[in-house]
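Notes follow the structure.
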Amino acid sequence: DAFSRWLQQSLASADGDALTHYRDRAPDAARAHPTEEHFLPLFIAWGAAGAGATAERIVEGFEAGALALDSYLFHPAASLLCRETNPA
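The sequence shown begins at 595 in the numbering used here and counts up one residue at a time.
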């Protein structure tokens, strides 16, 4: 699906501007997410991973040909991991 591909590409390039304005920029955004309550938690997870986090799609697929089941894992930047394991 075009929206899922767009989302994966936008996360891979860490394009926060495109993601923030997904309603205007993503293909089929209104069809993929008629309301925002199932999409907005993505920003919470991404933000919780910290600056420089990378996204990995760990589940991909569709149910009944329409419901995307994509799930993402956010990896913190290496510098953040070093600070957490070796506090100053």
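Every residue gets a Cβ at the ideal spot worked out from N, C-alpha and C, and that includes glycine. Here the structure is a predicted model, which means the values were calculated and not measured.
Can the beta-carbon of residue i be found less than 8 Å from the beta-carbon of residue j?
i    : j    : result
R684 : A612 : What the structure shows of the chain is the stretch from 595 to 682, and residue 684 is not part of that stretch, so it cannot be assessed.
A623 : G644 : no
D664 : E657 : no
F597 : W640 : no
If I follow the unbroken alpha helix (DSSP H) through residue i, where does it start and stop?
i    : result
T614 : G610 to T614
S604 : A596 to A606
Starting from residue i, trace the beta strand (DSSP E) in both directions and tell me its first and last residue.
i    : result
F668 : S665 to H669
Classify residue i as helix, strand or coil using the three-state DSSP reduction.
i    : result
A620 : coil
Would you mind listing the beta strand (DSSP E) stretches within the stretch 622-670 that are 3+ residues and don't spill past its ends, in chain order? Under the rule that a run must span 3 or more residues, the beta strand (DSSP E) segments found entirely inside the stretch 622-670 read 648-653 and 665-669.
Contact the stretch 650-667 vs the stretch 598-606: 3+ CB pairs below 8 Å: Between the stretch 650-667 and the stretch 598-606 there are three or more C-beta pairs closer than 8 Å, enough to call the two in contact.
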